[in-house]
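Undergrad:
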Amino acid sequence: MTDETLDRPNRFRAEAASRDLPSEEVEEWIRVALPAVYMAEDGDGPLAARVGGDPMLPHDVPDPSDPFVAAVDLAALPPGATNLPLPADGHLLFFAAPDVGGVQGHVPDAVMYIPVGTPTTRRPLEHGWRKPYQVRELRTLWHQLSPQMPESFALDTWGDFPDDEQFERAEELADAWSQVGGHRPPWTLQIGGHPVSPQNDPVHYARDPDQDDTAEQGGTDGGVGTDDWTLLATWRCGDDVTELDSGVAHWVIRRRDLAALRFDRAHRYVEMA
């Protein structure tokens with residue numbers, strides 16, 4: 001067992017007990033926490049991801065509709081560091097425009113998987129006045145449990161209309177988790193886990209059937225629970241996107257589509273604080 005799978009939950013249990021938080025809600029908080037990888041600049045590790053610049057694309061792939069954000073080397077992710085059914089190698093590419101008024105939801109070319117050994121060339125992309133995002137090499141990795149945001153936990157635990165006391169209880173659980181070292185580390189790119197969102201939970205948003213235009217592609221829940229939607233990645237835009245205040249871009253996907261490498265069914269959401 002690692003610290004993230006045993007030590008921190010045990011410390012959380014003790015902290016929550018000292019606050020007289022109900023044990024069943026404490027266990028639920030632990031149960032729904034998901035492992036995630038957080039990537040940051042600097043460090044002397046192998047290159048795990050590259051943000052910005054021009055993407056390396058296969059010759060027969062059309063230009064993506066949005067600017068290139070990042071390419072993640074899947075072989076650099078520690079085994080078992082996420083619970084996502086990701087390929088063991090190859091590169092996962094992400095694309096997003098820094099525009100909260102743009103397309104939100106299903107974007108067929110927002111995520112692209114390039115299998116290892118695929119011939120690629122560097123391809124400059126033109127998207128109006130926007131230059132490519134600044135090149136950043138991400139060589140520092142943390143992998144740890146990622147809890148739900150308190151509001152998301154309240155909605156999933158107590159239904160669509162939690163009362164004020166239940167929302168407060170979720171905040172207390174989050175505070176107890178943070179007290180035992182459950183803070184997210186400094187990061188630029190997150191893979192897996194739960195989203196940290198300044199406004200709306202993109203996983204909850206994707207569950208809304210009114211927002212889902214992948215149904216005609218065979219992407220409906222089809223008897224699978226709403227937890228089939230999962231966070232694939234989040235990018236903290238930072239200084240690369242000055243027009244967004246604390247901007248973030250999320251990519252979410254159904255787990256079965258991820259396992260089938262149907263990245264054309266991914267959803268993308270851009271927001272700011």
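According to UniProt numbering, the residues represented by the sequence shown are 1 to 273, in order.
Think of the CB as a built atom: it goes at the ideal place given N, C-alpha and C, for glycine as much as any other residue.
Just so it is clear, the structure is predicted and the values come from calculations on it, not from any experiment.
CB P124 to CB D54, shorter than 8 Å?
TA: Yes, these two residues count as a Cβ contact at 8 Å.
Undergrad: With a 10 Å radius around its C-beta and 16 neighbouring C-beta atoms as the bar for buried, classify S246 as buried or exposed.
TA: exposed
Undergrad: Give the range of the beta strand (DSSP E) segment to which T140 is assigned.
TA: T140: member of the beta strand (DSSP E) spanning 136-146, first to last residue.
Undergrad: Which runs of the beta strand (DSSP E), 3 residues or longer, sit entirely within the stretch 60-133?
TA: 68-73, 91-95, 111-114
Undergrad: Select from V270, M272, R13, A266 the residue whose C-alpha is nearest the C-alpha of A110.
TA: A266
Undergrad: Should P150 be labelled buried (16 or more other beta-carbon atoms within 10 Å of its own) or exposed?
TA: Taking all protein chains in view, the Cβ of P150 is crowded by 16 or more other Cβ atoms within 10 Å, so the residue is classified as buried.
Undergrad: Have a look at D257 and F94 and give me their C-alpha separation to the nearest angstrom.
TA: 16 Å
Undergrad: Evaluate S197 with the Cβ neighbour count: other Cβ atoms within 10 Å of its Cβ, from every protein chain shown; 16 or more gives buried, anything less gives exposed.
TA: That one is buried.
Undergrad: Could you give the DSSP three-state label for V180: helix, strand or coil?
TA: coil
Undergrad: How long is the line joining the alpha carbons of R262 and Q190, rounded to whole angstroms?
TA: 20 Å
Undergrad: Where DSSP assigns a beta bridge to I253, which residues make up the other side?
TA: T230
Undergrad: Is L155 closer than 8 Å to P162 when the C-beta atoms are compared?
TA: yes
Undergrad: Ends of the alpha helix (DSSP H) at R207?
TA: 202-207
Undergrad: Just tell me which of T188, G192, T234, E171 has its CA closest to the CA of L21.
TA: For L21, the nearest C-alpha among the options comes from E171.
Undergrad: Below 8 Å on the Cβ atoms is my guess for A48 versus D73; work out the distance and round it to an integer in Å.
TA: 6 Å
Undergrad: If you compare alpha carbons, which of V241, C237, P202 is closest to H106?
TA: P202
Undergrad: Give me, in chain order, the residues of the same chain whose beta-carbon lies closer than 7 Å to that of E28; leave out the 5 immediate sequence neighbours on both sides.
TA: T157
Undergrad: What distance in whole Å lies between the Cβ atoms of H127 and A97, which are believed to be in contact at a cut-off of 8 Å?
TA: 7 Å
Undergrad: Buried or exposed for T230, please, with buried defined as at least 16 other CB atoms from any protein chain shown within 10 angstroms of its CB.
TA: Burial check for T230: the Cβ neighbour count within 10 Å reaches 16 or more, so the residue is buried.
Undergrad: A250 to P195, Cα distance in whole Å?
TA: Just to set this straight, residue 250 is His in the shown sequence, not Ala. Computed Cα separation, rounded: 8 Å.
Undergrad: Residues in the same chain with beta-carbon distance under 6 Å from A76, minus the five sequence neighbours each way, listed in chain order, please.
TA: Taken in chain order, the residues that qualify are P46, A48.
Undergrad: Return the first residue and the last residue of the alpha helix (DSSP H) that L261 is part of.
TA: No alpha helix (DSSP H) holds L261; DSSP gives it neither H nor E.
Undergrad: Have a look at G43 and E165 and give me their C-alpha separation to the nearest angstrom.
TA: Cα atoms of G43 and E165: separation of roughly 43 Å, rounded to the nearest angstrom.
Undergrad: From this set, R8, H91, E24, R11, which residue's C-alpha is nearest R169's C-alpha?
TA: Considering only alpha carbons, the answer is E24.
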